[in-house]
Amino acid sequence: MSTSVAEHETRHEALPARPKELAMHFDTLHQQYSTGKLAMWLFLGQELLFFCGLFTAYAVYRGNHQEMFHYAHYFLDWRLGGLNTVVLLTSSLTAAWSVRCAQLEQRKGLLITLALTFLCAGAFMVVKYFEYSHKLHIGAVWGSNFGVATADLPPALLEKYPGMTGQQLQLMGMGTFFAIYFCMTGLHGIHVLVGMGLYAWLFVRALRGHFNRRYYGAVDNVALYWHIVDMIWIFLFPLLYLIG
Amino acid sequence: MTDVPYETEHDHNVQGHDVHEPHEGLPGTIGHVSSWKSLVKVLGALLVLTVITVAVAQVDLGRMNIVGALGIACVKASIVALWFMHLRYDKRFNFWILISSLAFVAWMVGYILMDTAIYQQNITDYRKEKPLEVKPIESGSHQ
Chain S
1 MSTSVAEHET RHEALPARPK ELAMHFDTLH QQYSTGKLAM WLFLGQELLF FCGLFTAYAV
61 YRGNHQEMFH YAHYFLDWRL GGLNTVVLLT SSLTAAWSVR CAQLEQRKGL LITLALTFLC
121 AGAFMVVKYF EYSHKLHIGA VWGSNFGVAT ADLPPALLEK YPGMTGQQLQ LMGMGTFFAI
181 YFCMTGLHGI HVLVGMGLYA WLFVRALRGH FNRRYYGAVD NVALYWHIVD MIWIFLFPLL
241 YLIG
Chain L
1001 MTDVPYETEH DHNVQGHDVH EPHEGLPGTI GHVSSWKSLV KVLGALLVLT VITVAVAQVD
1061 LGRMNIVGAL GIACVKASIV ALWFMHLRYD KRFNFWILIS SLAFVAWMVG YILMDTAIYQ
1121 QNITDYRKEK PLEVKPIESG SHQ
């Protein structure tokens, strides 16, 4: 087994060179890695609780207003949501692969996978932009601001319920659904933007050759964060887009 | 093992690692290295489940729709956690952090849902007395 730093000191031997990546308050690189990872998991546990408040709002509102979710799902295009699901799942693969590249010290692979993850996150936000701008345009927004003219209602909704008017939906309180929708997807979107920032940061660090097989905690922990963001979307997609 | 300090403590405190699996990686690598084939398989499984969840949602199963959608989502989330997030190979403690967090999620959603229906009548009565104010809407007025 390894000799501890303290033993070296009592034997008055010269210590071997300390790795430059090892922070002064850790004994080994493995300890440093495990500590960072533990902290990341605690943060991710907190993230789940953070989102849980919104999922609770969803559950309560859905429990009492099933019909609202039925009408609302006509406003959301499952094809766009599905596209974003595929984009995000793919980015999870590249994120996991970037950890592998860092562990194997494959510099080129690491740069490619980090860049791909960043680009997928960007693609997700572009699709989100088109979805949001359409909703803002027709007035499918939060709370008392909700006001969609009957002419702007989704054609599939009018086909199924020919007499339906925008005013009726407004009176039912459709604004509350969209408040929940924008809070949930908005908070998730902010997480995606933060993830893009983190991947840009990792890319720069990888370019500078900061990572190696015993020092890649940042790549690993950002990937963990990215997977949690993916996991949240795995629930948001069916809950908002699919079941009506 | 080496007798040099600052070296890796190696895998002796990594539990759940399947020793029969071929272990890839450079000497002294920290953590479990996933093979690229396993990662691609995981993505394949997630995409197949996505197609299934979309297909199931097209059929009207009443209340079973939400059960099915959430069930598939839970399977997908577990796959992400176990393979992409390395929990299968990680220290058990990190796994329990996730589980305990989920327990509190279930507790919060469950307890709040239990009494939410009780107050619905109050809201309905209040709305009867004081209906939502509705502004006239014009097409394209929100540009």
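Quick note, the sequences are listed as chains S and L, same order.
Under my numbering, the first sequence has 41 at position 41, and the numbering climbs by one with no breaks.
Under my numbering, the second sequence has 1127 at position 127, and the numbering climbs by one with no breaks.
All residues carry an ideal CB built from backbone N, CA and C; glycine is no exception.
Nothing here was measured: the structure is a model prediction, and the numbers come from that model.
Neighbours of L:Ala1055 in chain S, taken as residues at a C-beta separation under 9 Å, are lacking, since the least C-beta distance is about 10 Å.
With a cutoff of 9 Å on beta-carbon distance, S:Ala151 and S:Tyr74 are scored as not near each other. The Cβ-Cβ distance between S:Leu198 and S:Trp226 falls below 9 Å. Contact between S:Glu21 and S:Tyr215 holds: their C-beta atoms lie close to 4 Å from each other, under 8 Å. Secondary structure note for S:Gln167: its alpha helix (DSSP H) is the uninterrupted segment Gly166 to Met172.
Within the segment 27-48 of chain S, those residues whose Cβ lies closer than 8 Å to any Cβ of chain L are, in chain order, Asp27, Thr28, Leu29, His30, Gln31, Tyr33, Ser34, Lys37, Leu38, Trp41, Leu42, Leu44, Gly45, Gln46 and Leu48. Residues of the segment 1097-1117 of chain L whose Cβ lies closer than 8 Å to any Cβ of chain S, in chain order: Ile1097, Leu1098, Ser1100, Ser1101, Leu1102, Phe1104, Val1105, Met1108, Val1109, Ile1112, Leu1113, Thr1116 and Ala1117. As far as DSSP is concerned, L:Asn1065 takes part in no beta bridge. The beta-carbon of S:Gly63 is placed less than 9 Å from the nearest beta-carbon of chain L. Those residues of the segment 100-118 of chain S placed with their C-beta closer than 8 Å to a C-beta in chain L are Arg100, Gln103, Leu104 and Glu105, ordered along the chain. The beta-bridge partner set that DSSP reports for S:Asn212 consists of S:Tyr215. In this structure, the beta-carbon distance from S:Met231 to L:Ala1081 falls below 9 Å. At a Cβ-Cβ threshold of 9 Å, S:Leu114 and S:Thr90 do not count as neighbours.
Here S:Val126 is not near S:Lys135, since their CB atoms are 9 Å or more apart. Relative to S:Phe146, the option among S:Glu159, S:His25, S:Met172 and S:Glu131 whose CA is nearest is S:Met172. Just measuring C-alpha positions, the residue of S:Leu110, S:Thr176 and S:Tyr71 sitting nearest S:Glu159 is S:Tyr71.
An exposed status is given to L:Gln1120, since fewer than 16 other beta-carbon atoms sit within 10 Å of its beta-carbon.
The beta carbon of S:Gln168 is closer than 8 Å to none in its chain, skipping five residues each way along the sequence. Look at L:Asp1090: its C-beta is under 9 Å from a C-beta on chain S.
Remark: C-beta atoms of S:Val99 and L:His1086 approach each other more closely than 9 Å. Within the same chain, Val1033 and Ser1035 come within 8 Å of L:Glu1024 by CB-CB distance, once the 5 residues on both sides are set aside. Boundaries for S:Asp27: no alpha helix (DSSP H) harbours it, and the DSSP string shows neither H nor E there. Counting along the chain, S:Val148 sits inside no alpha helix (DSSP H), nor does DSSP assign it H or E at all.
Excluding sequence positions up to five before and after S:Phe124, its CB lies within less than 7 Å of the CB of Asn84, Val87, Leu88 and Val192, all in the same chain and listed in chain order. By the beta-carbon neighbour count (other beta carbons within 10 angstroms, threshold 16), L:Ile1118 is exposed. The alpha-carbon of S:Gly45 is positioned some 15 Å away from that of S:Phe55. Between S:Leu119 and S:Thr185, the C-beta gap is not smaller than 9 Å, which leaves the two residues out of contact. Judged by DSSP in its simplified three-state form, S:Tyr199 adopts helix. For S:Ala23, no Cβ of chain L is located within less than 9 Å of the residue's own Cβ. The alpha carbon of S:Thr165 has as its nearest neighbour, out of S:Ala149, S:Asp27 and S:Ala179, the alpha carbon of S:Ala149.
The Cβ of S:Ala156 sits no closer than 9 Å to any Cβ of chain L. Identification of residues in the segment 1056-1082 of chain L having a C-beta nearer than 8 Å to some C-beta of chain S yields Ala1057, Asn1065, Ile1066, Ala1069, Leu1070, Ile1072, Ala1073, Lys1076, Ala1077, Val1080 and Ala1081, given in sequence order. The alpha-carbon separation between S:Arg213 and L:Gly1028 amounts to approximately 7 Å. S:Trp97 carries a helical assignment under DSSP once its states are collapsed to helix, strand and coil.
Under a 10 Å Cβ-count criterion, S:Gln32 is classified as buried, with 16 or more other Cβ atoms of the shown protein chains found around its own Cβ.
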